[in-house]
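Under our numbering, the residues of the sequence shown are numbered 1499 to 1799, in order.
Cβ atoms here follow ideal geometry from the backbone N, Cα and C, with glycine treated the same way.
No experiment lies behind these values; they were computed from the predicted model shown.
Heads up, the thing below is written out as structure tokens.
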Amino acid sequence: MLQRKLNLFQSTVLNMIDMVGIGPFVTLPIVIGFLGGIYIYAWVAGAVLSLVDAMIWSELGAAYPLAGGSFNFLREAYGKDKAGKLMSFLYVWQTVIQAPLVAASAAIGFVTYFMYLVPGLSLWQQKMLSGSVIIFITILLYRKIESIGKIGVFLWVGVVATLVWVIYCGISHLSDYHLFKEYIYNISLGNILSFTFGQACVKTVYSYLGYYNVCHLGGEIKDPRKNIPRSMFISVIGIAILYLLMNVSITNVIPWQEIKSWQESGINNFVVSIFIERLYGTTAAKIATVMILWVALASLF
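Laid out in structure tokens, this is it:
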């Protein structure tokens, strides 16, 4: 009989640390570069789109709570002895290509923030560091699922601590409500329907991705028909709140106009490190950068 070992808390934690990787720290200035003062709406739209998608994944995950996720869904949809074999094979084949690219993007983001601590790394040094991060995470994952769940919770504590610190720093220095006035007055239907807004939403949705990974662990989840949907919705809503607060906090200290000019000039993408530096100095910024690197490792894990 199948032994299911991950409870709701552990599965939600694994979902959340996969969602909160280096993505939001790197994409924040990119989204502002696209949209300027209405950037916050792209993060709201990303959350809404993720919730809609999570409804589909939760139905499938609850109906077929087996290890493999999409592999099983395709077999059931197209027939185990018919086209389902081909579709499942194609899914695994594209995953072999796509999954390493996703991991590589996170490793590159890791190096981006690492260069705040050690500037001037050569291209080859950056590549070697990215590869070393992937190897380290692979070694860390080579263990039983119970240990992975415990390590996930440990890493999740660092993820939440980092986000809460960033949010607290910005909110505690909030002097007025001019940001909220900008959000209300600068939005229009034309902006929402624009191609640029769509480009920005691609970046925000990327930062939310990972909520569905609980389906790939369906065979390990206790009471999957309840806990898989709960895990996804708790993850998306919780992370959306944290992302929105983080964006407001950072642009309260560093005006979005300045961040947009950085993006257009192609200079420093470690905006969160600079945010902490302006509030508390270089030492605090380095500590914050180390915590962001922790977040990146947690997401890769």
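8 Å Cβ cutoff met for residue i and residue j
i: L1777; j: A1565; result: no
i: A1605; j: S1628; result: yes
i: Y1741; j: P1522; result: yes
i: L1791; j: F1634; result: no
i: I1649; j: L1638; result: yes
i: S1747; j: G1668; result: yes
i: I1726; j: G1519; result: no
i: T1694; j: F1571; result: no
i: A1698; j: A1540; result: yes
i: G1708; j: N1513; result: yes
i: A1552; j: F1731; result: yes
i: W1555; j: Y1666; result: no
Same chain, Cβ closer than 7 Å to residue i, five either side skipped, listed in chain order
i: M1613; result: L1619
i: Y1706; result: M1517, G1544, A1545, S1548, V1734 and I1737
i: Y1640; result: none
i: K1784; result: L1615
i: S1477; result: This structure gives no information on residue 1477, because the portion of the chain shown stretches from 1499 to 1799.
DSSP bridge partner residues for residue i (one or two, in chain order)
i: A1565; result: L1715
i: L1504; result: I1719
Spatially closest choice to residue i from the options, by CA coordinates
i: V1542; options: V1518, I1735 and E1775; result: I1735
i: I1712; options: S1729, C1699 and K1724; result: One point to set straight first is that residue 1712 is Val, not Ile, in the sequence displayed. It is S1729.
i: Q1592; options: G1607, F1569 and A1604; result: F1569
i: K1642; options: V1703, V1594 and E1718; result: E1718
i: T1510; options: V1703, S1692, K1724 and I1635; result: K1724
i: I1632; options: A1597, Y1576, V1751 and I1790; result: A1597
i: A1794; options: V1662, K1648, A1602 and V1590; result: A1602
i: Q1508; options: V1655, A1561, V1751 and Q1761; result: V1655
i: I1752; options: L1743, E1762 and V1770; result: V1770
i: P1722; options: A1552, A1561 and S1630; result: A1561
i: T1749; options: L1588, V1616, V1664 and T1780; result: V1664
i: I1745; options: F1731, D1579 and F1773; result: Contrary to the premise, residue 1745 reads as Asn rather than Ile in this sequence. Looking at the Cα atoms, F1773 is the closest of the given residues.
i: M1789; options: G1779, P1563 and L1653; result: L1653
Nonlocal neighbours in the same chain, by C-beta distance under 8 Å from residue i, ignoring five residues either side
i: R1573; result: G1582, K1583, M1585 and S1586
i: W1754; result: I1530, G1534, G1535 and Y1537
i: T1525; result: K1701, T1702, Y1704 and S1705
Contact set for residue i: own chain, Cβ-Cβ below 6 Å, skip 5 residues either direction
i: F1768; result: Y1611 and Y1614
i: M1499; result: No answer about M1499 holds up, because its pLDDT of 41 lies below 50 and its placement is not dependable.
i: V1590; result: none
i: K1787; result: This sequence places Thr at residue 1787; Lys is not what is there. Excluding residues within five positions, the ones whose Cβ falls inside 6 Å are Y1611, Y1614, L1615 and S1771.
i: Q1624; result: V1609
i: N1505; result: K1720
**OP:** Could I get the ranges of all uninterrupted alpha helix (DSSP H) runs contained in the stretch 1701 to 1786, with 4 residues as the minimum, in chain order?
**Re:** 1722 to 1751, 1754 to 1763 and 1769 to 1778
**OP:** Identify every run of the alpha helix (DSSP H) within the stretch 1615 to 1654, keeping only runs that are complete inside it and at least 4 residues long; order them along the chain.
**Re:** 1621 to 1639
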